[in-house]
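Engineer: Below is a structure I'd like to ask you about.
Residue numbers (the working numbering), protein chains in the order written: chain C, 57 to 663; chain V, 14 to 386.
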């Protein structure tokens, strides 16, 4: 189970779920509050009418959709509970009341709107120097250094507070015993305090859903705030954009992974950091990667209980990684990692070299069946936390047109960037784990290097000064990267958890099984995009975030192609939730209106 | 790969090529469909999915008739596909409406429809100009900015991705070969047959049908044909699934059988550019919200741009080569609507070896005549 710590001293907040009273704590997200109250399912899927609960808790998966105060499809993990809020299960496709126009929405004639927008543009001198997207350690460092260099900077982030996922809720920790999260978590405070002093603006709760380069070379961002109850979008312009959008957990598709009660380890860690919710009896962790051990340690330190860890790291990995062991032994990872693993092993049953996993249950997880050395075993559990490493979050770079490349060592696609994070799109830098996973220690230095490059490009200082200022960061970055090759080699995902069997759901949104994707590939789909048109995989509200790596692997295998050649989904905007009304409210140029209306306007042609 | 030999090669695996192949599936010919890979300009993957009649044929009445014929044959196509493959392409032909948001738009529409129906040789059908109240009775939730529109009972829509899937599946079952990743680089007529140099090796074909969309412009001259087509960009917004609310398709807004609402519009000469433009999306979204204000709060899940295959006058090009007998070109920007006539009219004509005289109006020669005039 996942349960709230009894020593949680935050104020109680009462709301209702499907008419029943629920007591949460101030600062909880709707999704966290429901989970803490034992309600694991929050919606019924529109395709197969199956119960579903939150998976990622970081705004990516769209599995936590609920109806809030009559507004359907609200992301429960992104919305804080308020007293008296009426939350209801989202059942299937949302209804719209066609007879009642949306309250408060009035669209003006688009021609008038365009003319006004043109006026506003002419008179608008407020083009930012730098827009930074993402308030994790890379984004904070980039915004800080850019602002300290005298640039006008704004930092856009979806969450209410800074810190990103790795330092989530660092300015508002709910934990009575903060040391449970470990020193590295709290070390993020240095970057936060520097950012707060830097003069950079912070646009919290702001989701960037489109990013493009205008004809004059200015970058434009479409930013949504106020979702889901009062969403408003606006266009922000900047001379340069630094995207520090971080990583996303690699999917771990296995039978039953869509059942309520199955959740990502990263999601569980967010519940711990942001809401003080810990795993208790009945929790099994399955997977591979440093986060498994870090979360288990934090959870135990916070007073939680974990029944077992099913470690899917294949046999022989240490031997394969041995050539990187020297560097690893000298890294911070070695000392910290050893401590974590030792402490967890002392208190949790560990099953090593697990080869296959099935989540059991009809409407929610009731157990887990697993195989080791060909022998099957079953554990009863109500919570199954899955993890298979992290990969760069690619939707924004792909939609912006950035070139990406396959990283064989980390088994994922990543944006192609130069030493400073400069991407293939002029004006767009990508930094931190979003540019290739290197971890939280590396992130601030990568962010700083990108900011130095931007400041140089915008004329704040010359290349010599940039290079001089970069030196300490390059040195620190090299130190932080030490040992990563070892971790990558040990924790590369096992084939069985990358490419699921035919019956397993690969696309959680559209509930498309791996078998259908394989069949599409066999019938001639040579890549994810053809497979998508044939099966609808990747067409749902998560926009292919959760199934992208799986579809790549399935198509590559079925067509006998290298992963690199099978390629990625072709992503388009919007890359974040946005309503049609918000899109409608953006300025439309006269040329755009002409392209749509196509009726000769005697007044306009006479001008 | 060893050289492949077929009786007939269809260049292009989109809706035009697949519909022709479907129409030839019982011909007994050895047929191969040659297609590109995962990333190609695919109008068949980006289209809107209307089976649409009203308004078409202004300037070429025969095209209006051709379109009508296809709409009438569509139920047969849907049923033949369902029978052959079990795939339901979600055809619905409940009629359709074009909505006008200003007096000027409505006047323009009425004048266009009047001129269309008045053409000699045009097979007249009923198009009603409806005022706001008449529309509001049929379309719940219609926005106050809608002043009127035109209505035809012949219009409808389908699921175009499933149509493409079903055509391919039916062809595969009939033994027609599908070769993806086989972009055609060159075609050489040779002794009454054709050698096609593809990315997946040489293909020798007795006959060749060019259905390569925008690629036809490059390929047609290789077999003594012309297909001066150019890209014309359209954009589509796909909204989240909602429960059924829209009983008929609007020309720029429809609800699919799975509940998704699509908003599709815009005609832009942007060349080979499939990038979205937020100001065009804004203009489209603004009109959609004015048509149905309740959509303002519905989430946009996806958006995309795709390239229409546009001839200089907007009408299809169908032609047989005079200098390289056995070579044909077929190209249009209404691959969904015309799928039925492509399968049941065009394919048999190609099989017979000659396009009947009523295809003459679609010859690319018309562009020469126009240039000379």
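Each residue gets a CB set at the ideal place from its N, CA and C atoms; glycine is no exception.
Using the Cβ count rule (16 or more neighbours within 10 Å means buried), how would you classify residue 89 of chain V?
Structural biologist: When all chains shown are included, residue 89 of chain V counts as exposed.
Engineer: Taking C-alpha atoms, which residue in C/583, C/610, C/549 and C/579 lies nearest to residue 562 of chain C?
Structural biologist: It is C/610 whose Cα lies nearest to the Cα of residue 562 of chain C.
Engineer: With a cut-off of 8 Å, does the C-beta of residue 125 of chain C fall near any C-beta of chain V?
Structural biologist: By this cut-off, residue 125 of chain C is not an interface position.
Engineer: If we call anything under 8 Å between Cβ atoms a contact, is residue 499 of chain C one with residue 298 of chain C?
Structural biologist: It is not a contact, given that the beta carbons lie outside the stated cut-off.
Engineer: Determine, using beta carbons only, whether residue 181 of chain V comes closer than 8 Å to chain C.
Structural biologist: Output row for residue 181 of chain V: interface = yes.
Engineer: Would you say residue 295 of chain V faces chain C, with C-beta separation under 8 Å as the test?
Structural biologist: Answer yes: the Cβ-Cβ gap between residue 295 of chain V and chain C drops below 8 Å somewhere.
Engineer: Please report the distance separating the alpha-carbon of residue 297 of chain V from that of residue 57 of chain V.
Structural biologist: About 21 Å.
Engineer: Is there at least one Cβ from chain V nearer than 8 Å to residue 561 of chain C's Cβ?
Structural biologist: Chain V, which has no Cβ nearer than 8 Å to the Cβ of residue 561 of chain C, makes this no.
Engineer: Measuring only the C-alpha atoms, how far is residue 179 of chain V from residue 593 of chain C?
Structural biologist: Using only the alpha carbons, I get a separation of about 17 Å.
Engineer: Just to confirm before moving on: does the CB-CB distance between residue 510 of chain C and residue 296 of chain C stay below 8 Å?
Structural biologist: Yes, they are a contact pair.
Engineer: Alpha carbon to alpha carbon, how far is residue 573 of chain C from residue 591 of chain C?
Structural biologist: If you take the alpha carbons of residue 573 of chain C and residue 591 of chain C, they lie about 7 Å apart.
Engineer: Within the 8 Å Cβ cut-off, does residue 317 of chain V reach chain C?
Structural biologist: True, the Cβ-Cβ gap to chain C drops below 8 Å.
Engineer: Do residue 355 of chain V and residue 365 of chain V count as a contact pair if the criterion is CB distance below 8 Å?
Structural biologist: No.
Engineer: Reducing DSSP to helix, strand and coil, say where residue 384 of chain C ends up.
Structural biologist: The answer is helix: DSSP assigns residue 384 of chain C an H, G or I state.
Engineer: Helix, strand or coil: which one does DSSP assign to residue 351 of chain C?
Structural biologist: Helix at residue 351 of chain C.
Engineer: Please compile the residues from chain C whose C-beta is within a distance smaller than 7 Å of the C-beta of residue 290 of chain V.
Structural biologist: Per Cβ cutoff of 7 Å: 648.
Engineer: Apart from the five residues just before and just after residue 367 of chain V, which ones in its own chain have a Cβ nearer than 8 Å to its Cβ?
Structural biologist: The residues are 333.
Engineer: Just the Cα atoms here: how many angstroms apart are residue 488 of chain C and residue 246 of chain C?
Structural biologist: For residue 488 of chain C and residue 246 of chain C, the distance between alpha carbons rounds to 17 Å.
Engineer: Per DSSP, which one or two residues make a beta bridge with residue 142 of chain V?
Structural biologist: DSSP output for residue 142 of chain V lists V/163 as bridge partner(s).
Engineer: What's the gap between the Cα of residue 160 of chain C and the Cα of residue 638 of chain C?
Structural biologist: With a pLDDT of only 34 at residue 160 of chain C, under 50, the local geometry of the prediction cannot be trusted, and the value read off the model is given with reservation. Roughly 12 Å between the two C-alpha positions.
Engineer: Starting from residue 375 of chain C, trace the alpha helix (DSSP H) both ways and give me its first and last residue.
Structural biologist: Counting along the chain, the alpha helix (DSSP H) containing residue 375 of chain C begins and ends at 373–376.
Engineer: Of all the CB atoms in chain V, is at least one closer than 8 Å to the CB of residue 512 of chain C?
Structural biologist: So, not an interface residue.
Engineer: The beta strand (DSSP E) spanning residue 209 of chain V covers which residue range?
Structural biologist: Note, residue 209 of chain V: beta strand (DSSP E), 206–211.
Engineer: Rounded to whole angstroms, how far is the Cβ of residue 98 of chain V from the Cβ of residue 212 of chain V, which I believe are closer than 8 Å?
Structural biologist: Incorrect: roughly 28 Å between the Cβ atoms, too far for contact.
Engineer: List, from N- to C-terminal side, the beta strand (DSSP E) runs of 3 residues or more that fit wholly inside the segment 431–469 of chain C.
Structural biologist: Runs found: 431–436, 439–444, 446–448 and 460–463.
Engineer: Skipping 5 residues on each side, what residues in its chain have a beta carbon closer than 7 Å to that of residue 313 of chain C?
Structural biologist: Cβ within range, chain order: 415 and 442.
Engineer: Taking only beta-carbon atoms, is residue 623 of chain C less than 8 Å away from chain V?
Structural biologist: Yes, contact with chain V.
Engineer: Reducing DSSP to helix, strand and coil, say where residue 586 of chain C ends up.
Structural biologist: Helix at residue 586 of chain C.
Engineer: Taking only the alpha-carbon atoms, compute the straight-line gap between residue 449 of chain C and residue 491 of chain C and give it to the nearest angstrom.
Structural biologist: Each residue's Cα considered, the two are about 8 Å apart.
Engineer: Counting only Cβ pairs nearer than 9 Å, list the residues of chain C close to residue 118 of chain V.
Structural biologist: 653 and 655, listed in chain order.
Engineer: So with CB distances below 7 Å, who are the chain C contacts of residue 193 of chain V?
Structural biologist: Ordered by position in chain C, the residues that pass the 7 Å Cβ test against residue 193 of chain V are 580 and 582.
Engineer: Measuring alpha carbon to alpha carbon, tell me which residue in C/401, C/408 and C/618 is nearest residue 374 of chain C.
Structural biologist: Comparing Cα positions, the closest option is C/408.
Engineer: Pull up the CB-CB distance for residue 108 of chain V and residue 261 of chain V, whole angstroms please, since I reckon it's below 8 Å.
Structural biologist: Between residue 261 of chain V and residue 108 of chain V the Cβ distance is about 5 Å, and since that is below 8 Å, they are a contact.
Engineer: What is the rounded straight-line gap between the Cα of residue 139 of chain C and the Cα of residue 70 of chain C?
Structural biologist: The alpha-carbon atoms of residue 139 of chain C and residue 70 of chain C are separated by roughly 5 Å.
Engineer: Can you list, in chain order, the stretches of the beta strand (DSSP E) that have 3 or more residues and sit fully within the segment 483–557 of chain C?
Structural biologist: You should have 484–486.
Engineer: Is there a C-beta anywhere in chain V that falls below 8 Å from the one on residue 454 of chain C?
Structural biologist: Residue 454 of chain C does not count as touching chain V.
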